[in-house]
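Peer 1:
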Amino acid sequence: GNSVTQMEGPVTLSEEAFLTINCTYTATGYPSLFWYVQYPGEGLQLLLKATKADDKGSNKGFEATYRKETTSFHLEKGSVQVSDSAVYFCALILPYGGSQGNLIFGKGTKLSVKP
Amino acid sequence: EPEVTQTPSHQVTQMGQEVILRCVPISNHLYFYWYRQILGQKVEFLVSFYNNEISEKSEIFDDQFSVERPDGSNFTLKIRSTKLEDSAMYFCASRNRGNEQFFGPGTRLTVL
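Structure follows, in structure tokens:
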């Protein structure tokens, strides 16, 4: 079936460290891929997205590239800040015709950044 | 900037009681969703709604759940007889014709 697999957390980094959160997916067709972020006590916010192979989504210093050959969408940031501490969810939407666009989420990866 | 709103932010109820969670999607959006997140677990799809009817639902969305868009602005999720395992954060989301979904801040439901 269709699914998203993320690296297990929690991930603890020092400020200014490099971040990678791995995400791979299984899906029929060519899904759109997303990273959502959930800050403590808040709801889900879209961080970035990519809708086709080789697209790179970017926002707030975070990047992720849609890799069809490896079915991956790894999240990266060159220098994390304490304010990046949050839970990060990788998600996909199947192409239209497969569903009404409901998001399929990974389990989430909790990131803690220490000063 | 338009946003999705949800009320209440926290609902506490006794097992077996009915609850209604309310959402006001972004006004020109066409597709509406409910998701839930049990504490510490992943966000799970419950139901999608389009053109005044359910378009898709997950196996979680059984006969105890129902959704309604009663007045063209609100979008509600009703749980008829709550169980302990219904305790979760419930998120409403909406989108227009694009695939970006906008989420509300969530309602934390606690069933005692």
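Those protein sequences? They're chains A and H, same order as listed. In terms of my numbering, the first sequence is numbered consecutively and its last residue is 111. In terms of my numbering, the second sequence is numbered consecutively and its last residue is 115. Ideal Cβ placement from N, Cα and C applies to all residues, glycine included.
1) Between which two residues does the beta strand (DSSP E) containing H13/H stretch?
2) In chain order, what residues of the same chain lie with their CB nearer than 6 angstroms to the CB of G93/A, ignoring the 5 residues before and after it?
3) I'd like to know whether the C-beta of S68/A is nearer than 8 angstroms to at least one C-beta of chain H.
4) To the nearest angstrom, report how far apart S69/H and Q20/H are at their CA atoms.
5) In this structure, how does DSSP classify V78/A when only helix, strand and coil are distinguished?
6) What did DSSP end up calling L42/H once you bin it into helix, strand or coil?
7) Output the distance between the C-alpha atoms of E4/A and Y32/A, rounded to the nearest integer angstrom.
8) Taking C-beta to C-beta, are S(-1)/A and N102/H nearer than 8 angstroms?
9) Anything in chain A within Cβ reach of P5/H, meaning under 8 angstroms, just list it in chain order.
Peer 2: So, from the data block:
1) Unbroken beta strand (DSSP E) run through H13/H: H13 to T16.
2) Confidence at G93/A is low in this model, with a pLDDT of 49, below 50, so the placement of that residue is unreliable and no value is reported for it.
3) The beta-carbon of S68/A is placed no less than 8 angstroms from the nearest beta-carbon of chain H.
4) Using only the alpha carbons, I get a separation of about 14 angstroms.
5) In the three-state DSSP reduction, V78/A falls in the helix class (H, G or I).
6) L42/H: coil per DSSP, three-state reduction.
7) Whole-angstrom Cα-Cα distance: 16 angstroms.
8) Remark: C-beta atoms of S(-1)/A and N102/H do not approach each other more closely than 8 angstroms.
9) Ordered by position in chain A, no residue passes the 8 angstroms Cβ test against P5/H, which lies about 14 angstroms from the chain.
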